[in-house]
Amino acid sequence: MKPLSTVSFALFSAVLVAVSSAACAQSAAAAWPTKPVRILVGFPGGSTPDMAARTLAEPLSRALGQPVIIENKPGASGNIAADQVAKATDDHTLGVVINGNLTSAKLLYPKLPYDPAKDFTPISLLATAPLVLVAPVGEPGGADFFAAARQGGSRWNYGSVGNGSVAHLGMELLKSRVPGLTPVHVPFAGNPQVVTAMLGGQIQMALIPPGVAMPHVRAGKLKAIGLAGGRSSLVPEVPPLADAGVASVNLEVWTALIGPANLSKAAQARLAQEVPRIIRDADTRQKLFNQGWQAVGTSPDGLKSRVKEEAAILGGIIQSRGIKLE
Numbered sequence: 000m001k002p003l004s005t006v007s008f009a010l011f012s013a014v015l016v017a018v019s020s021a022a023c024a025q026s027a028a029a030a031w032p033t034k035p036v037r038i039l040v041g042f043p044g045g046s047t048p049d050m051a052a053r054t055l056a057e058p059l060s061r062a063l064g065q066p067v068i069i070e071n072k073p074g075a076s077g078n079i080a081a082d083q084v085a086k087a088t089d090d091h092t093l094g095v096v097i098n099g100n101l102t103s104a105k106l107l108y109p110k111l112p113y114d115p116a117k118d119f120t121p122i123s124l125l126a127t128a129p130l131v132l133v134a135p136v137g138e139p140g141g142a143d144f145f146a147a148a149r150q151g152g153s154r155w156n157y158g159s160v161g162n163g164s165v166a167h168l169g170m171e172l173l174k175s176r177v178p179g180l181t182p183v184h185v186p187f188a189g190n191p192q193v194v195t196a197m198l199g200g201q202i203q204m205a206l207i208p209p210g211v212a213m214p215h216v217r218a219g220k221l222k223a224i225g226l227a228g229g230r231s232s233l234v235p236e237v238p239p240l241a242d243a244g245v246a247s248v249n250l251e252v253w254t255a256l257i258g259p260a261n262l263s264k265a266a267q268a269r270l271a272q273e274v275p276r277i278i279r280d281a282d283t284r285q286k287l288f289n290q291g292w293q294a295v296g297t298s299p300d301g302l303k304s305r306v307k308e309e310a311a312i313l314g315g316i317i318q319s320r321g322i323k324l325e
């Protein structure tokens with residue numbers, strides 16, 4: 000057997016080091032978690048972010064070998080829960096958030112207690128959904144609905160899951176596209192509360208994800224006026240708002256999994272491996288679809304790209320409408 004040359008030995012050593020480093024990284028990732036994992040959700044039980052989080056929790060628990068516990072911390076459009084995630088130091092606290100917490104909150108709240116750009120570790124964009132404009136079942140549909148809404152003026156109210164949410168900003172965008180449309184914003188803790196208010200006659204319109212809206216529409220309790228965007232396989236029976244003469248209202252709501260900025264490299268590596276795989280699994284995809292979600296399951300970089308893209312869109316709405324919140 001011939002001895003290794005200097006070059007061959009150097010190459011062999013480099014390969015050995017690379018393999019050893021990869022094995023160590025894999026071993027470190029496998030060592031996390033060491034206790035139950037908490038996922039904070041800034042909206043009530045039964046809300047669309049809550050349903051997405053609970054759909055992820057069971058298979059993630061199996062993959063990690065530890066309980067995954069969902070804790071609902073509703074309020075302030077999800078910003079209370081997001082702030083608790085940002086300040087977590089136990090390396091086992093994560094959060095399921097919506098668009099606004101990562102894209103528009105900083106633009107709307109000068110005193111926001113967390114910085115979306117610095118205080119979080121992105122993990123994965125979980126799922127997306129279009130927004131359905133809904134109204135009480137007694138209202139007319141199509142273009143006639145907007146004629147009635149104009150007549151209602153500021154006597155009409157619209158609901159959303161909170162100030163600065165995509166549903167709030169989407170309605171302000173809709174108002175800019177329909178001259179004479181002036182309903183007053185009424186924020187709620189979550190979409191179930193928005194629906195309850197509409198069924199009780201407190202509000203006359205709202206943009207709601209299909210997972211919450213369509214069971215009431217199909218039961219004949221609410222009316223779907225149109226979809227913010229093009230047609231969707233999630234709700235094929237709902238026409239786009241463009242069919243009612245309202246163009247250029249294209250917005251989705253989405254959920255994402257994040258951790259605090261200090262989340263360990265082991266946790267990041269394990270979650271980046273497991274979460275997209277779980278979300279893309281056929282069973283998970285079908286469960287999310289049944290809830291009104293389109294499964295995505297991106298890498299951390301994929302979530303970063305989506306945040307950057309949407310921050311520009313929502314920032315444009317905030318600026319053009321002069322929206323300011325305390």
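Sequential numbering of the sequence shown, starting at 0, is according to numbering that gives the first Met the number 0.
Heads up, the beta-carbon is just placed ideally off N, CA and C, and yes, glycines get one too.
Only a predicted model underlies this, so the values are computations on that prediction, with no experimental measurement involved.
Query: Which same chain residues end up closer than 7 angstroms to V177 when comparing Cβ atoms and leaving out the 5 residues on each side of it in sequence?; Result: F145, V245
Query: What is the DSSP secondary structure of A21, counted as helix, strand or coil?; Result: Its pLDDT being 44, under 50, A21 is placed unreliably by the model, and the measurement read from it follows with that caveat. DSSP places A21 in helix when its eight states are reduced to three.
Query: Could you please give the first and the last residue of the uninterrupted alpha helix (DSSP H) stretch that includes E70?; Result: No alpha helix (DSSP H) contains E70, which is instead part of the beta strand (DSSP E) from 67-71.
Query: In the region 279-303, which residue ranges form an unbroken alpha helix (DSSP H) of at least 4 residues, counting only runs that do not cross its ends?; Result: 281-289
Query: Please classify E308 as buried or exposed, where buried requires at least 16 neighbouring CB atoms within 10 angstroms.; Result: exposed
Query: Do you know offhand how far L201's Cα is from V193's?; Result: The question names Leu, but residue 201 in the sequence shown is Gln. For Q201 and V193, the distance between alpha carbons rounds to 9 angstroms.
Query: To the nearest angstrom, report how far apart V274 and F42 are at their CA atoms.; Result: 21 angstroms
Query: Could you give the distance in angstroms between the alpha-carbon of A148 and the alpha-carbon of T102?; Result: 30 angstroms
Query: Determine the direct distance from the alpha carbon of G151 to that of F119, and round the result to whole angstroms.; Result: 43 angstroms
Query: Classify I207: buried if its beta carbon has 16 or more other beta carbons within 10 angstroms, exposed otherwise.; Result: buried
Query: Once DSSP output is grouped into helix, strand and coil, what is the label at T54?; Result: helix
Query: Which residues in the same chain have their Cβ closer than 7 angstroms to the Cβ of P66, if we skip the five residues on either side of it in sequence?; Result: P35, S60
Query: Who does R37 pair with in a DSSP beta bridge?; Result: I68, T92
Query: On the criterion of 16 or more Cβ atoms from any shown chain inside 10 Å, does K323 qualify as buried, or is it exposed?; Result: exposed
Query: Cα-Cα, which of G137, G301, V306, P32 is closest to Q216?; Result: According to the sequence as given, residue 216 is Val; it is not Gln. Ranking the options by Cα distance to V216, first place goes to G137.
Query: Note down the Cα distance separating M170 from A205, rounded to an integer number of angstroms.; Result: 7 angstroms
Query: Determine the direct distance from the alpha carbon of A294 to that of D300, and round the result to whole angstroms.; Result: 17 angstroms
Query: Tell me the DSSP secondary structure of L256 in three-state form.; Result: strand
Query: Quick test of the definition: if touching needs 3 or more C-beta pairs under 8 angstroms, does the region 266-280 touch the region 183-199?; Result: no
Query: Just the Cα atoms here: how many angstroms apart are P129 and L250?; Result: 7 angstroms
Query: Got a sec, what are the start and stop residues for the alpha helix (DSSP H) L240 sits in?; Result: Premise fails: L240 is in no alpha helix (DSSP H) and is neither H nor E.
Query: Across the region 215-230 and the region 177-190, are there enough close Cβ pairs to call them in contact, namely three or more that are closer than 8 angstroms?; Result: no
Query: So what's N190 in DSSP terms, helix, strand or just coil?; Result: helix
Query: Is the region 110-117 touching the region 284-293, taking contact as three or more C-beta pairs under 8 angstroms?; Result: no
Query: Would you say L256 and L63 are within 8 angstroms of each other, going by their C-beta atoms?; Result: no
Query: Classify Q318 as buried or exposed, calling it buried when 16 or more other Cβ atoms lie within 10 Å of its own Cβ.; Result: exposed
Query: DSSP three-state call for I312: helix, strand or coil?; Result: helix
Query: Taking the continuous alpha helix (DSSP H) assigned at N98, which residues delimit it?; Result: 98-102
Query: Which residues mark the beginning and the end of the alpha helix (DSSP H) in which F145 is found?; Result: 141-151
Query: Leaving out five residues before and five after L107 in sequence, what residues of the same chain have Cβ atoms less than 6 angstroms from its Cβ?; Result: G163, L324
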